[in-house]
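So the structure is just underneath, and the comments pick up after that.
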Amino acid sequence: MSRPPLQPFSNLLVVMTDRHIGNLLVSLYAIKAAQQQLSNEQTLSCVIDYHLLSLATYFLPDIEFIPCNLRGSKLSIWQKSKLFIKLYTRLKQLKIDTAVDLYGHGESLKIAQLSGANYISAFYSRPKLKKKYDWCDRDSDLTANHQIDFYRYPFYPLFGELTHVKLNAPKLNNVYSGLRTKLNALAVDQNRPLVVIHPGAGKTYKLWPTHHWQKLIAMLEQDNKQVLLIGAGVDKPEVEAIIKDTSIAPINGFGQFNLIETIHLGFICESMIGNDSGPTHLMATTPTYVYSLFGPTDDTLWSPLSDNSHILRSETPCLEACSKQSCARTQSCLQLLSANTVYQQSQTQA
Numbered sequence: 002m003s004r005p006p007l008q009p010f011s012n013l014l015v016v017m018t019d020r021h022i023g024n025l026l027v028s029l030y031a032i033k034a035a036q037q038q039l040s041n042e043q044t045l046s047c048v049i050d051y052h053l054l055s056l057a058t059y060f061l062p063d064i065e066f067i068p069c070n071l072r073g074s075k076l077s078i079w080q081k082s083k084l085f086i087k088l089y090t091r092l093k094q095l096k097i098d099t100a101v102d103l104y105g106h107g108e109s110l111k112i113a114q115l116s117g118a119n120y121i122s123a124f125y126s127r128p129k130l131k132k133k134y135d136w137c138d139r140d141s142d143l144t145a146n147h148q149i150d151f152y153r154y155p156f157y158p159l160f161g162e163l164t165h166v167k168l169n170a171p172k173l174n175n176v177y178s179g180l181r182t183k184l185n186a187l188a189v190d191q192n193r194p195l196v197v198i199h200p201g202a203g204k205t206y207k208l209w210p211t212h213h214w215q216k217l218i219a220m221l222e223q224d225n226k227q228v229l230l231i232g233a234g235v236d237k238p239e240v241e242a243i244i245k246d247t248s249i250a251p252i253n254g255f256g257q258f259n260l261i262e263t264i265h266l267g268f269i270c271e272s273m274i275g276n277d278s279g280p281t282h283l284m285a286t287t288p289t290y291v292y293s294l295f296g297p298t299d300d301t302l303w304s305p306l307s308d309n310s311h312i313l314r315s316e317t318p319c320l321e322a323c324s325k326q327s328c329a330r331t332q333s334c335l336q337l338l339s340a341n342t343v344y345q346q347s348q349t350q351a
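Each residue of the sequence shown is one higher than the one before, starting from 2 at the first, in this note's numbering.
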């Protein structure tokens, strides 16, 4: 399919209301690439979920991010109303003529329509919504080979195919200093190598077995390395299960670090090891070595976007009839990724 003429625009709105950290982070690569294509007469603003505002502005401080709240939040009706009024008011001030929907769901489309845009594009979208876009995947023969493509391709009718860009975490001195203070309070020895481990994940089918983590930690500690366990929210059971083993002594950092501090751990630690989850994507933007443990998830599609990121998985292929949502960590692809393999690979590449 030939590429149509580029759609002219003046004021572009990008809508990204996904609440998943990894998805937002990958979308920022595409938003940055689009920003670099703007002429002096064009503007770009972005609507994101409010609880990820600090993360977005940290990586792309030159872009205006407008917070919204439409999906699963503990905000009161009054707080949601105030946020919506601010969103609506700002959208009208920006005089948006074109919108790119990076999420492809009903609520993100409604925001794009609310902005007053007369042209709205998407790539992936719900089947019932496709006819409501001026351009989407139904109008293209583009194929997504990595998660980033789902976020690059919605810009296709405006810029053509966006080039790949790097997203490097900036080191903020005040955050780094505060993080050092927290690590000192946790009795982290600055003179010993530090390995950060994130044993949690948003989906149970992404969780590496607890006994593997415990064995890996034991081997790292035998090398005189400190292990810092990180996580928040749903990660608590995984962290608590690991520290029940009294033969190992990892440092429990559960709930101690916000998103920006988690990123800054990458400026301090020797390496980071974690499941396919948000923290591995975050720390892959720093200089540290990141080792992502993959089970049934397709790493060619969902791997972190960085040169210092390494994918570790067993050589056992997943069953064709595998049901990810109900496997409860019984997949051989996770069970057969041994602690020895992870240890050896992380030592070889580091």
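Virtual Cβ for every residue (Gly too), placed ideally from N, Cα, C.
- Cβ neighbours of aspartate 63 within its own chain (closer than 8 Å, five residues either side excluded): Gln36.
- Partner residues in the beta bridge of leucine 195, as assigned by DSSP, are Gln227.
- Taken in chain order, the whole alpha helix (DSSP H) runs of length 4 or more contained in the stretch 156-193 are 157-160 and 174-186.
- Using a Cβ distance threshold of 8 Å, proline 238 and glycine 267 do not count as a contacting pair.
- Using a C-beta cut-off of 8 Å, the stretch 111-123 makes contact with the stretch 87-98, since at least three inter-stretch Cβ pairs fall below that distance.
- Residue Val16 holds the alpha-carbon nearest to the alpha-carbon of glutamate 108 among Val16, Thr44 and Lys226.
- Distance from the CA of alanine 250 to the CA of glycine 234, rounded to the nearest whole angstrom, comes to 22 Å.
- For a cut-off of 8 Å, the C-beta gap from leucine 337 to glycine 161 is around 44 Å, too long to register as a contact.
- Note on serine 347: 16 or more other CB atoms within 10 angstroms of its CB, so buried under the neighbour-count rule.
- By the CB criterion at 8 Å, tyrosine 292 and serine 272 fall inside the cutoff.
- Per DSSP, tyrosine 30 is one residue of the alpha helix (DSSP H) stretching across 22-36.
- Excluding its 5 nearest sequence neighbours in each direction, glutamine 148 has C-beta neighbours in its own chain below 7 Å: Val27, Leu302 and Trp303, listed in chain order.
- With 16 or more other CB atoms across the displayed protein chains lying within 10 angstroms of its CB, leucine 29 is buried.
- The C-beta separation of cysteine 69 from leucine 45 comes to about 17 Å, leaving the pair out of contact by the 8 Å criterion.
- Pairwise C-beta distances place the stretch 241-249 in contact with the stretch 207-216, as three or more of them are shorter than 8 Å.
- As for any beta strand (DSSP E) of minimum length 3 sitting wholly inside the stretch 287-320, the runs are 290-294 and 310-313, ordered along the chain.
- Under a 10 Å Cβ-count criterion, arginine 127 is classified as exposed, with fewer than 16 other Cβ atoms of the shown protein chains found around its own Cβ.
- Take leucine 54, set aside five residues on each side of it, and the residues of its chain with a beta-carbon closer than 7 Å to its own are Phe66 and Pro68, in chain order.
- The criterion of a C-beta distance shorter than 8 Å is not satisfied by leucine 173 and isoleucine 269.
- Of the candidates Gln43, Ser11, Lys132 and Ile112, Ile112 places its Cα closest to the Cα of threonine 18.
- Counted as a single uninterrupted DSSP element, the stretch harbouring phenylalanine 85 is not any beta strand (DSSP E) but the alpha helix (DSSP H) occupying residues 78-95.
- Listed in chain order, the non-local C-beta contacts of glycine 201 below 6 Å within the same chain comprise Gly232, Asp236 and Glu239, local neighbours out to five positions each way being set aside.
- Judged by DSSP in its simplified three-state form, phenylalanine 268 adopts helix.
- Isoleucine 64 sits in coil when the DSSP states are folded into three classes, being neither helix nor strand.
- Closest option to isoleucine 49, judged by alpha-carbon separation, among Glu262, His21, Tyr206 and Leu180: His21.
- The three-state secondary structure of aspartate 19, taken from DSSP, is coil.
- In the structure shown, tryptophan 209 falls within a coil segment according to DSSP collapsed to helix, strand and coil.
- Annotation: histidine 199 to threonine 58 spans about 24 Å, alpha carbon to alpha carbon.
- In chain order, Gln227 place their CB closer than 8 Å to the CB of aspartate 190, counting only its own chain and leaving out the 5 sequence neighbours on each side.
- Taking the C-beta atoms as reference points, tyrosine 134 is found no nearer than 8 Å to phenylalanine 151.
- Burial state of asparagine 225 is exposed, judged by a 10 Å Cβ sphere holding fewer than 16 other Cβ atoms.
- Note that the C-beta distance between phenylalanine 295 and isoleucine 274 is not below 8 Å.
- Comparing alpha carbon positions, the residue from Gly105, Asn41, Leu25 and Val197 closest to leucine 56 is Leu25.
- If you compare the alpha carbons of Met284, Asp299 and Tyr157 with that of serine 310, the shortest gap goes to Met284.
- Look at glycine 279 here: in three-state DSSP terms it is helix.
- In the three-state DSSP reduction, threonine 349 falls in the helix class (H, G or I).
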